[in-house]
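Take the sequence shown: its letters are residues -2 to 72, numbered as in my numbering.
Where is the CB? At the ideal position from N, CA and C, for every residue including glycine.
Data first, discussion second: the structure below is written as structure tokens.
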Amino acid sequence: MWAETTKDGRIKFREQYKDPLTGKYKKVSVTYDKNTNQTRRRAQIALEQKIQSKLRHIQDGNIKKGVTLGEVIKE
-2 MWAETTKDGR IKFREQYKDP LTGKYKKVSV TYDKNTNQTR RRAQIALEQK
48 IQSKLRHIQD GNIKKGVTLG EVIKE
């Protein structure tokens, strides 16, 4: 996790994770007013929840491999 300062002075906490479907790295972020130990802990928990929800949606979906776009449109 790393922190970036926005133009309005708030702190944007960011985390990077690897998308298992594409193999690419994606980023999630949350924004807080301060950069204290307490907000860092809250940000870490919030980022982990965001990542887990995104990965859960990927796992819950019906992903078909070896299917053409035309076959998907017909379904």
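In DSSP terms, what residue i is bridged to
{"i": "glutamine 13", "result": "Lys24"}
{"i": "isoleucine 8", "result": "Thr2, Tyr29"}
Closest Cα partner of residue i within the set the options
{"i": "alanine 0", "options": "Gly20, Tyr14, Gln35, Ser26", "result": "Ser26"}
{"i": "histidine 54", "options": "Thr36, Gln35, Leu18", "result": "Leu18"}
{"i": "tyrosine 14", "options": "Leu66, Lys47, Val69", "result": "Lys47"}
{"i": "aspartate 16", "options": "Asn32, Gln41, Gly6, Leu52", "result": "Leu52"}
{"i": "isoleucine 8", "options": "Ala40, Tyr22, Leu66, Gly20", "result": "Ala40"}
{"i": "methionine -2", "options": "Leu44, Tyr22, Asp5", "result": "Leu44"}
Extent of the continuous beta strand (DSSP E) run through residue i
{"i": "threonine 2", "result": "-1 to 2"}
Residues near residue i by beta carbon distance below 6 Å, same chain, minus five either side
{"i": "threonine 36", "result": "Tyr29"}
{"i": "lysine 24", "result": "Arg11, Gln13"}
Extent of the continuous alpha helix (DSSP H) to which residue i belongs
{"i": "leucine 66", "result": "66 to 71"}
Cβ neighbours of residue i in the same chain (closer than 7 Å, five flanking residues each side left out)
{"i": "glycine 20", "result": "none"}
{"i": "asparagine 32", "result": "Ala0, Ile8"}
Residue i: CB within 7 Å of a non-hydrogen atom of the ligand NAP
{"i": "threonine 65", "result": "Among the components of this structure there are no ligands whatsoever, and the ligand NAP is therefore not found."}
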